[in-house]
Amino acid sequence: MKLYLIRHCKTKDLQNGVTQSDKSEIIVNETTAEMIADVRDRIRGKVDRAFCSPTVRTRQTAELLFGKGNYEVLDNTYEYLHPTALIGKSNEKKAKYYEKHKEDKYDPMW
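Using this note's numbering, read the sequence shown as starting at 235 and increasing by one per residue.
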């Protein structure tokens, strides 16, 4: 058995320098389409089942790669996300937050 881990496409939020939320949408442009086509060609015929987390960006990426309904959403998927206090904040504000909470970010309950 082989396992392929594919990261979601770049999001609009990330491009705008803010922290992604669960509702962040991917950027669909010519570059994205080329990358998706390349990945699709590489994994064609090699994937028996596809899974993704419930976030919008991962579902959008899975649909582009595998087609509508050809992947399963795992509602119990846990993602390591930025604290909700950072959603929608600029990279500058995130850096200040992380500086202030350097030790906290290594706490698994953070």
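Glycine included, every Cβ here is placed at the ideal spot set by N, Cα and C.
Residue(s) in a DSSP beta bridge with residue i
i	result
Phe-285	Glu-306
Ser-224	Since the displayed the chain opens at 235 and closes at 344, residue 224 lies outside it and no answer follows.
Ile-240	Answer by DSSP bridge pairing: none, since Ile-240 is not bridged.
Ile-260	Thr-245
Start and end residues, alpha helix (DSSP H) containing residue i
i	result
Val-375	The chain is shown only over 235 to 344; residue 375 falls outside these bounds and no answer can be derived.
Gln-249	246 to 249
Leu-299	290 to 300
Cβ-based burial, residue i [other Cβ within 10 Å; buried from 16]
i	result
Tyr-238	exposed
Asp-247	buried
Leu-308	exposed
Ala-271	exposed
Ala-267	exposed
Thr-295	buried
Thr-245	buried
Ser-258	buried
Anticipated Cβ contact below 8 Å, residue i with residue j, distance rounded
i	j	result
Ala-284	Asn-304	7 Å
Segment contact, 8 Å Cβ cut-off, at least three pairs: the region 287 to 304 with the region 250 to 262: yes
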